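Here's the structure we're looking at; comments come further down.
In my numbering, the protein residues as written are 650 to 947.
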């Protein structure tokens, strides 16, 4: 795989994937509507193209001439229409463009907890996107690999770093969903998993669950962030009703909310490996990096 189209290449996972592919000498195309794309455009083997991937004609032109396509486009917040547009309609259009262009290899990043009957719009839309892709792959002969990561962390993330910054400001951390369990996976391991999927044709037709070596509650993740930053604050677990009101208030604030009501709905179920699907070890990556390796405690 020498020519790879990466959708969502300017995002958190995308930046790390592009850096890793660049080190391998792969030629990467990254479409974006934001200009300039400083996060990746300085990499020598990356070509940044200004394009709207939601335009089927533009998408068809982008896919043509590549050996593989990686879809990383996702959102955590929004209404049902936004989730459907990005998690169902766009992947469907990507797969259709691959078929039309004769590009057989498609790697799609979904989410751990994707479930057609899930409690949140996010979980249901992720599952619907997977279902649409798998149906097209089966009918059209696409070599599709689906990766389902748990919450992704890294030195430059917007998760651990955000909770660290909040604890530098506030004396107390009121926390909805404090007891929900996660199996966080490092962004480096996700990038390695993507490359392993691209390089190994035997991963086609497979679904992989990506989680790290630790299972931690949200409260424990927040505590780790505070200890790492040297400003750990007491955590006040909120009952569901107060958590719902907190999430509603955050949605009313300008910008992307720290937590939405849909996020809270997702946390009704633990975000840990089910054991029904292979994981990092099956991709030759061992157990993965722990939180403490990336954010060491003093």
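For each residue, glycine too, the CB sits at the ideal point set by N, CA and C. The structure presented is a predicted model; accordingly, all values stated were derived computationally and were not measured.
task = Could you pull out every residue in the same chain whose Cβ sits closer than 6 Å to the Cβ of residue 717, ignoring the five residues on either side in sequence?
result = Taking the first residue of the chain shown as 1, we reach residue 717 at position 68. Excluding its 5 nearest sequence neighbours in each direction, residue 717 has C-beta neighbours in its own chain below 6 Å: 650, 653, 754 and 847, listed in chain order.
message = Can you tell me whether residue 691 is buried or exposed? The criterion is at least 16 other CB atoms within 10 Å of its CB, across all chains shown.
response = In the chain shown, counting from the first residue as 1, residue 691 sits at position 42. Counting other Cβ atoms within 10 Å of its Cβ, residue 691 stays below 16 and is therefore classed as exposed.
task = Entirely within the stretch 712-783 and at least 4 residues each: give me those alpha helix (DSSP H) ranges in chain order.
result = Fully enclosed alpha helix (DSSP H) runs of 4 or longer: 729-733 and 739-750.
ask   = Which of the three DSSP states, helix, strand or coil, is assigned to residue 900?
value = Within the chain shown, the letter at position 251 stands for residue 900. It is helical.
key: Whole-angstrom distance between residue 787 and residue 838, CA atom to CA atom   = Taking the chain shown and counting its residues from 1, the one referred to as residue 838 is at position 189. Taking the chain shown and counting its residues from 1, the one referred to as residue 787 is at position 138. For residue 838 and residue 787, the distance between alpha carbons rounds to 28 Å.
task = May I have the straight-line CA-CA distance separating residue 779 from residue 795, to the nearest angstrom?
result = Sequence index remark: in the chain shown, residue 779 carries index 130 (1-based). Sequence index remark: in the chain shown, residue 795 carries index 146 (1-based). Rounded to the nearest angstrom, the two C-alpha atoms are 8 Å apart.
task = Could you name the residues of the same chain whose beta carbon sits closer than 8 Å to that of residue 877, not counting the 5 residues immediately before and after it, in chain order?
result = Residue mapping note: residue 877 aligns to position 228 of the chain shown, counting from 1. Cβ neighbours of residue 877 beyond the five flanking positions: 809, 813, 944, 945, 946 and 947.
ask   = If residue 712 and residue 752 are in contact, beta carbons under 8 Å, what's the gap, nearest whole angstrom?
value = What you label residue 712 is simply residue 63 of the chain shown in a count that begins at 1. What you label residue 752 is simply residue 103 of the chain shown in a count that begins at 1. About 6 Å separates the beta carbon of residue 712 from that of residue 752, a gap short enough to meet the 8 Å contact definition.
key: Local Cβ density within 10 Å of residue 871, reported as buried at 16 or more and exposed below that   = Here residue 871 refers to the residue found at position 222 when the chain shown is read from its first residue. Counting Cβ neighbours within 10 Å, residue 871 comes out buried, since at least 16 surround it.
message = Taking a contact to mean a Cβ-Cβ separation below 9 Å, would you say residue 865 touches residue 719 in this structure?
response = Taking the first residue of the chain shown as position 1, residue 865 is located at position 216. Taking the first residue of the chain shown as position 1, residue 719 is located at position 70. No.
key: Rounded separation between residue 804 and residue 938 - CA only   = Position 155 of the chain shown, counted from the first residue, corresponds to residue 804. Position 289 of the chain shown, counted from the first residue, corresponds to residue 938. The straight-line gap from Cα to Cα measures roughly 12 Å.
query = Where does residue 936 fall in DSSP's three states?
reply = Here residue 936 refers to the residue found at position 287 when the chain shown is read from its first residue. For residue 936, the secondary structure class from DSSP, reduced to helix, strand or coil, is coil.
ask   = Looking at the structure shown, is residue 821 part of a helix, part of a strand, or coil, going by DSSP?
value = On the chain shown, position 172 is the one that residue 821 refers to. Coil at residue 821, not helix or strand.
request  = Could you check what DSSP says for residue 918 in three-state terms: helix, strand or coil?
outcome  = As a working mapping, residue 918 is identified with position 269 in the chain shown. Correct three-state label for residue 918: coil.
query = Within 10 angstroms of its Cβ, does residue 936 collect 16 or more other Cβ (buried), or is it exposed?
reply = By 1-based counting over the chain shown, the position of residue 936 is 287. Exposed: under 16 other Cβ atoms inside 10 Å.
inquiry  = Starting from residue 676, trace the beta strand (DSSP E) in both directions and tell me its first and last residue.
reply    = Sequence index remark: in the chain shown, residue 676 carries index 27 (1-based). Here the beta strand (DSSP E) through residue 676 covers 676-681.
ask   = Got a sec? Which residues, its chain only, sit under 7 Å from residue 885 by beta carbon, not counting five neighbours each side?
value = On the chain shown, residue 885 is found 236 positions in, with the first residue counted as 1. Result list for residue 885: 821, 822, 823 and 824, in chain order.
inquiry  = Going by DSSP in three states, residue 876 sits in which element: helix, strand or coil?
reply    = Position 227 of the chain shown, counting from 1, holds the residue named residue 876. Look at residue 876 here: in three-state DSSP terms it is helix.
task = Return the first residue and the last residue of the alpha helix (DSSP H) that residue 839 is part of.
result = Counting from 1 along the chain shown, the entry for residue 839 is found at position 190. 836-848 is the span of the alpha helix (DSSP H), which, as asked, contains residue 839.
From 726, 797, 701 and 816, residue whose alpha carbon lies closest to that of residue 680 = By 1-based counting over the chain shown, the position of residue 680 is 31. Nearest in C-alpha terms to residue 680, of all of 726, 797, 701 and 816, is 701.
Proximity to residue 592 [Cα-Cα], best of 673, 672, 678 and 828 = One cannot answer for residue 592 here, as it falls past the ends of the chain, which runs 650 to 947.
ask   = What residues match up with residue 696 in a beta bridge as DSSP calls it?
value = Locating residue 696 in the chain shown gives position 47, where the first residue counts as 1. According to DSSP, which records beta bridges pairwise, residue 696 is partnered with 678.
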